[in-house]
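Sequence lines, in order, name chains S and F. If you use UniProt numbering, the first sequence corresponds to residues 1 to 318, in order. If you use UniProt numbering, the second sequence corresponds to residues 1 to 469, in order. Every residue gets a Cβ at the ideal spot worked out from N, C-alpha and C, and that includes glycine. Encoded as structure tokens, the structure appears first; notes follow it.
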Amino acid sequence: MAHAAAVPRKSPVPKPPPARARRSRTGAVPRRLPYLLIAPAGLLMLGFIAYPVLSVFYYSLRHHNPTKPWRNGFAGLGNFVTALTGDPQFLPTLGFSLRWVAAQVALQLLLGLGLALLVHQSFVGRAPARALVFSPWAVSGVLTSTIWLLLYNSQTGVTRYLADLGMGSYGTSWLSDTGTVFPAVVVAELWRGVPFFAILILADLQSVPRDLYEAAEVDGAGRLRRFLHITLPHLKDAIILSTLLRAVWEFNNVDLLYTLTGGGPAGETTTLPLRIASIAVDSHDFGYASALTTVAFVILLFGSLVYLRLSKFGGEAR
Amino acid sequence: MTRTGTTHRITRGGPGPAPTPRGRHGSRAALAAALAAVLALTATACGDDGSGAGGDRGAEGTGKGEITFWDNNGGVRTDVWKEIIARFEKAHPDIHVKYVGIPAESAQSKYDTAIQGGGLPDVGGVQTAMLAGIAAQGALEPLDERLEGSPLDGKLNGSMLDSVRSAGGGDRLYTVPTSANNGTLWYRTDLFRAAGLAAPTTWDRFYAAADRLTDGARNRFGFTLRGGEGSIAPALDAMYGQSGITSFWKTSAGGATTTTVNDPRNVAALEKYLGLYGKDTPEADVNNDFRKMVAQWDSGRIGMLSHNLGSYQEHLKALGPRRFRGLPNPALADGTRVQVSNPVDGLGLFRSSKNKAAAWTFIEFALSHAANSRWNRAAGAIPANTEAVGDSWVRESEATALAADALGDGSTRIVQLPYYLPDWNTVSKADNEPNLQKVLLGRESAKDFLDTLADQLDKARAEWDEQRG
Numbered sequence: 001m002a003h004a005a006a007v008p009r010k011s012p013v014p015k016p017p018p019a020r021a022r023r024s025r026t027g028a029v030p031r032r033l034p035y036l037l038i039a040p041a042g043l044l045m046l047g048f049i050a051y052p053v054l055s056v057f058y059y060s061l062r063h064h065n066p067t068k069p070w071r072n073g074f075a076g077l078g079n080f081v082t083a084l085t086g087d088p089q090f091l092p093t094l095g096f097s098l099r100w101v102a103a104q105v106a107l108q109l110l111l112g113l114g115l116a117l118l119v120h121q122s123f124v125g126r127a128p129a130r131a132l133v134f135s136p137w138a139v140s141g142v143l144t145s146t147i148w149l150l151l152y153n154s155q156t157g158v159t160r161y162l163a164d165l166g167m168g169s170y171g172t173s174w175l176s177d178t179g180t181v182f183p184a185v186v187v188a189e190l191w192r193g194v195p196f197f198a199i200l201i202l203a204d205l206q207s208v209p210r211d212l213y214e215a216a217e218v219d220g221a222g223r224l225r226r227f228l229h230i231t232l233p234h235l236k237d238a239i240i241l242s243t244l245l246r247a248v249w250e251f252n253n254v255d256l257l258y259t260l261t262g263g264g265p266a267g268e269t270t271t272l273p274l275r276i277a278s279i280a281v282d283s284h285d286f287g288y289a290s291a292l293t294t295v296a297f298v299i300l301l302f303g304s305l306v307y308l309r310l311s312k313f314g315g316e317a318r
Numbered sequence: 001m002t003r004t005g006t007t008h009r010i011t012r013g014g015p016g017p018a019p020t021p022r023g024r025h026g027s028r029a030a031l032a033a034a035l036a037a038v039l040a041l042t043a044t045a046c047g048d049d050g051s052g053a054g055g056d057r058g059a060e061g062t063g064k065g066e067i068t069f070w071d072n073n074g075g076v077r078t079d080v081w082k083e084i085i086a087r088f089e090k091a092h093p094d095i096h097v098k099y100v101g102i103p104a105e106s107a108q109s110k111y112d113t114a115i116q117g118g119g120l121p122d123v124g125g126v127q128t129a130m131l132a133g134i135a136a137q138g139a140l141e142p143l144d145e146r147l148e149g150s151p152l153d154g155k156l157n158g159s160m161l162d163s164v165r166s167a168g169g170g171d172r173l174y175t176v177p178t179s180a181n182n183g184t185l186w187y188r189t190d191l192f193r194a195a196g197l198a199a200p201t202t203w204d205r206f207y208a209a210a211d212r213l214t215d216g217a218r219n220r221f222g223f224t225l226r227g228g229e230g231s232i233a234p235a236l237d238a239m240y241g242q243s244g245i246t247s248f249w250k251t252s253a254g255g256a257t258t259t260t261v262n263d264p265r266n267v268a269a270l271e272k273y274l275g276l277y278g279k280d281t282p283e284a285d286v287n288n289d290f291r292k293m294v295a296q297w298d299s300g301r302i303g304m305l306s307h308n309l310g311s312y313q314e315h316l317k318a319l320g321p322r323r324f325r326g327l328p329n330p331a332l333a334d335g336t337r338v339q340v341s342n343p344v345d346g347l348g349l350f351r352s353s354k355n356k357a358a359a360w361t362f363i364e365f366a367l368s369h370a371a372n373s374r375w376n377r378a379a380g381a382i383p384a385n386t387e388a389v390g391d392s393w394v395r396e397s398e399a400t401a402l403a404a405d406a407l408g409d410g411s412t413r414i415v416q417l418p419y420y421l422p423d424w425n426t427v428s429k430a431d432n433e434p435n436l437q438k439v440l441l442g443r444e445s446a447k448d449f450l451d452t453l454a455d456q457l458d459k460a461r462a463e464w465d466e467q468r469g
């Protein structure tokens with residue numbers, strides 16, 4: 001066809017418009033037009049995603065505190081060294097974040113899977129049961145926090161009524177006891193997070209071909225074998241993706257913990273993002289906060305890559 | 001497929017002719033236009049309301065037109081500010097005030113963001129606790145000269161002016177104070193009467209009442225304290241109040257300035273105060289921020305609460321006017337009362353304002369006798385305008401009147417907290433609120449806590465002094 005493009009000059013057929021101009025026009029516009037069309041979106045993404053991310057990397061290498069301008073300047077890896085050697089709160093908050101993510105993702109997945117299997121069955125009242133299961137997902141974060149604050153309040157909550165029944169003491173709250181605060185906040189977040197898994201898994205369950213179950217049943221496979229050999233493999237990619245997304249969201253969770261405990265008592269429920277927020281907002285130390293954010297970013301990035309690799313996400317499709 | 005593919009090869013491959021000058025020009029123009037459009041969109045998206053970032057110098061302006069006002073306690077004070085703004089616009093029809101209410105919790109971060117990225121208002125409410133940080137970033141206009149030439153000169157409370165000067169980090173006035181708060185011991189008059197207790201005017205009476213009113217088996221507690229967010233200042237207030245130490249800093253014979261927070265008398269006082277936790281207070285108090293603490297007291301089962309005047313309206317709604325009173329913090333047995341400085345609210349004029357003349361006119365109006373009186377009456381706080389302090393409502397609001405007397409009659413010694421230190425928030429919030437909770441939970445001693453606090457404060461002070469030369 002390259003030859004064909006050069007031929008028209010010698011053709012006896014009616015003379016076409018000058019080849020140079022036509023090639024130029026047809027060549028230039030289609031090639032650049034898509035780029036022009038996506039340029040606005042691309043530039044906006046650069047502005048609103050790439051720029052903030054890059055600026056965090058930049059500030060992580062600097063001392064930057066607007067209230068202490070005399071200290072501002074290049075820090076190299078100093079902020080990262082401070083995190084590892086000079087900040088007694090860094091490792092405990094990171095440790096709590098990882099414990100929080102592991103507990104939340106594992107329990108949300110198990111409970112979400114169980115609920116999805118339950119409401120996937122045919123029974124009378126299935127529609128309202130599904131609505132009930134999914135309803136916490138529709139409740140705003142602020143309202144969720146308020147509901148659980150009241151449930152855990154020492155005067156209006158569960159412990160007050162247990163004390164009325166002679167179980168426990170008045171004036172206590174599961175959020176103020178270092179022995180109970182972790183399970184208490186885990187339960188509150190589960191209430192909000194389980195429907196996420198239930199919705200995704202139920203959607204995927206509905207796409208499993210029924211004839212697979214019928215064939216397995218004919219072959220004598222019981223419920224457990226059908227679940228292990230048909231349902232779970234079919235749900236694999238959905239589970240991998242949803243657990244990954246949820247892990248990232250839970251790692252970055254701030255609102256519920258901040259409202260319920262403020263990271264306390266005594267830092268027992270302070271996640272790394274809560275610590276970062278405190279350093280940036282209370283201390284104005286944006287350089288150090290950026291360094292901690294970079295650490296969190298790297299942990300999430302490599303954690304995600306390793307998880308996807310080990311779980312062979314999308315492997316069967318390939 | 002082939003035609004397009006062929007054309008691509010010709011254009012890229014060089015053998016084909018180059019685009020005509022007109023075609024190249026046209027595509028570049030299209031690209032430039034697209035870029036310009038995107039940049040314009042971006043600029044609009046990131047744009048501000050006409051005011052700039054912290055470094056902008058602004059302009060005096062015409063004294064007319066629109067100004068933007070940020071209320072740093074939006075929601076709670078919105079109604080009274082809108083009322084004052086309506087009166088102002090009636091008196092100054094050439095000036096329109098755009099009101100923006102910002103929740104108190106996010107005021108600091110909102111200002112910080114605007115200082116860095118633009119969008120500061122012309123006038124904003126700035127409390128002393130955040131004043132040093134904002135002033136250090138060069139965002140506020142010094143107001144000394146404007147005040148000297150104003151009808152307000154000589155009519156504002158001197159100690160409040162000193163507080164905001166001190167909080168601003170030096171001798172300059174960066175906000176005009178509008179009101180002061182004061183540490184107040186709220187107590188349930190009905191419970192005290194039923195138990196035959198005298199008003200908790202001294203620390204001895206306070207501790208006796210806390211013990212007497214506590215009956216854990218019946219869900220009754222003598223006191224509720226603040227163990228969560230914002231816990232350090234109330235703890236220091238109780239500590240200095242009992243120790244009787246009247247200065248936050250002391251200078252040794254060698255000339256070194258160090259803090260008094262870990263003075264043995266303060267250590268003993270803090271041990272005694274925090275010893276109430278779990279004994280005469282609910283154990284849930286360890287996570288109390290002020291909202292939880294106030295809500296808990298307003299539930300009606302607790303005898304006393306230490307908070308400032310700002311929660312008066314909430315107590316009034318929950319308990320009615322006859323079941324509680326508010327007193328200035330307890331005094332020592334000899335009658336001496338020592339309190340730490342409470343935040344002073346003020347109005348700042350932002351340096352980036354393009355209409356400083358109009359902004360100052362609004363500040364003058366807000367600080368006038370009538371407007372300042374109206375605002376403080378709604379807030380239950382002590383007016384900065386000395387004429388407003390004499391208004392009848394101040395006398396009728398007992399807690400406010402007692403607080404105004406305590407601050408104004410010389411009977412109370414004020415320990416000025418170092419709000420001006422750039423590290424004050426780091427030390428008093430991020431680093432040590434969890435440590436105070438450790439003391440409450442018995443994981444750390446009060447002495448270790450105060451020694452750590454003192455070490456950090458001394459370093460912060462030394463760095464500040466070094467920078468100021």
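- Chain-order list of residues whose beta-carbon lies under 8 Å from that of S/Ala216 (same chain, five-residue window excluded): Arg225, Arg226, His229 and Ile230
- Range covered by the beta strand (DSSP E) that runs through F/Ala98: Correcting the residue type first, residue 98 of chain F is Lys in the shown sequence and not Ala. Where F/Lys98 is concerned, the enclosing beta strand (DSSP E) stretches over Ile95 to Gly101.
- Using the C-alpha atoms, what's the distance from F/Thr260 back to F/Ile245? 8 Å
- Message: For S/Asp285, report the span of its alpha helix (DSSP H) as first-last.
- Response: Element bounds for S/Asp285: n/a, residue is neither H nor E.
- Backbone CA spacing between F/Asp458 and F/Phe248 [nearest angstrom]: 11 Å
- Item | Neighbour list for S/Ala184 in chain F, Cβ cutoff strictly below 7 Å | Here the premise fails: no neighbours, minimum Cβ distance about 11 Å.
- Message: Given a cut-off of 9 Å on the beta-carbon distance, is the pair S/Thr156 and S/Leu150 in contact?
- Response: yes
- For S/Leu190, which residues from the same chain have a beta carbon less than 8 Å from its beta carbon, with the 5 sequence-adjacent residues on both sides left out? Gln104, Leu107, Gln108 and Leu111
- Query: Start and end of the beta strand (DSSP E) containing F/Asp465?
  - Reply: Per DSSP, F/Asp465 belongs to no beta strand (DSSP E); it is in the alpha helix (DSSP H), Ala446 to Arg468.
- Just mark F/Ala59 as buried or exposed, buried being the case when its beta carbon has 16 or more other beta carbons within 10 Å. exposed
- Buried versus exposed call for F/Arg351 [16 or more other C-beta atoms within 10 Å across all chains shown]: buried
- Using the C-alpha atoms, what's the distance from F/Ser166 back to F/Gln416? 9 Å
- Task: Give, in chain order, every residue of the segment 435 to 449 of chain F whose Cβ lies closer than 7 Å to some Cβ of chain A.
- Result: In the displayed structure, chain A is absent; the protein chains listed are S and F.
- Using a Cβ-Cβ cut-off of 6 Å (strictly less than) and excluding sequence neighbours within five positions of F/Arg28, which residues of its own chain qualify? Because F/Arg28 sits at a pLDDT of 48, beneath the cut-off of 50, its placement in the model cannot be relied upon, and the following sentence gives the value as read from the coordinates. Taken in chain order, the list of residues that qualify is empty.
- Using 9 Å as the limit for Cβ to Cβ distance, is S/Gly95 near chain F? no
- Item | Closer than 8 Å at the beta carbon, the chain F residues around S/His234 | What S/His234 touches in chain F: nothing, since even the nearest Cβ is about 38 Å away.
- Item | Within chain F, partners of S/Thr67 - CB distance below 8 Å | Ala132, Gly133, Ala136, Gln137 and Pro422
- Message: Quick check on this structure: which residue in S/Leu244, S/Asn65 and S/Ile276 has the alpha carbon closest to the alpha carbon of F/Asp431?
- Response: S/Ile276
- Counted within 10 angstroms of its Cβ, other Cβ atoms place S/Ile38 as buried (16 or more) or exposed: exposed
- Message: Can you check which of these residues, F/Pro177, F/Arg220 and F/His307, is closest to F/Ala195 by C-alpha distance?
- Response: F/Arg220
- Rounded to a whole number of angstroms, what is the C-alpha to C-alpha distance between F/Arg205 and F/Asn182? 20 Å
- Message: Threshold first: 4 residues or longer. Then list the alpha helix (DSSP H) segments lying entirely within the segment 162 to 246 of chain F, N to C.
- Response: 189 to 195, 203 to 212 and 232 to 243
- Out of S/Arg309, S/Leu292, S/Phe313 and S/Leu308, which has the shortest C-alpha to C-alpha gap to S/Phe80? S/Leu292
- Message: As an exercise, report each continuous beta strand (DSSP E) stretch of at least 3 residues that is fully enclosed by the segment 256 to 302 of chain F, in chain order.
- Response: 257 to 259
- Query: In three-state terms, what does DSSP make of residue 475 of chain F?
  - Reply: This structure does not reach residue 475 of chain F, given that chain F is present from 1 up to 469, and the question cannot be answered.
- Do F/Glu364 and F/Pro142 have their C-beta atoms closer together than 9 Å? no
- Counting only runs that start and end within the segment 295 to 373 of chain F, where is the alpha helix (DSSP H) found for 4 or more residues in a row? 312 to 319 and 356 to 366
- Query: Which residue's Cα is closest to the Cα of F/Gly101: F/Ile95, F/Asp94 and F/Tyr111?
  - Reply: F/Tyr111
- Message: In whole angstroms, give me the CA-to-CA distance for F/Asp215 and F/Ser299.
- Response: 16 Å
- Query: Pick from S/Phe74, S/Trp100, S/Tyr307 and S/Thr146: whose alpha carbon is nearest that of S/Leu241?
  - Reply: S/Tyr307
- Boundaries of the alpha helix (DSSP H) in which S/Thr259 is found, first to last residue: Asp255 to Leu260
- Item | Inter-residue spacing [alpha-carbon to alpha-carbon] between F/Val123 and S/Ser290 | 30 Å
- Task: State yes or no: is the beta carbon of S/Asp177 nearer than 9 Å to at least one beta carbon in chain F?
- Result: yes
- Task: In angstroms with no decimal places, state the Cα-to-Cα distance between F/Gln296 and F/Asn308.
- Result: 15 Å
- Own chain residues within Cβ distance below 6 Å of F/Gly228, not counting five before or after: Asn287, Asn288 and Asp289
- Query: Considering only residues of the same chain and omitting the five flanking positions on each side of F/His369, which have a CB-CB separation below 6 Å?
  - Reply: Asn385, Glu387 and Ala388
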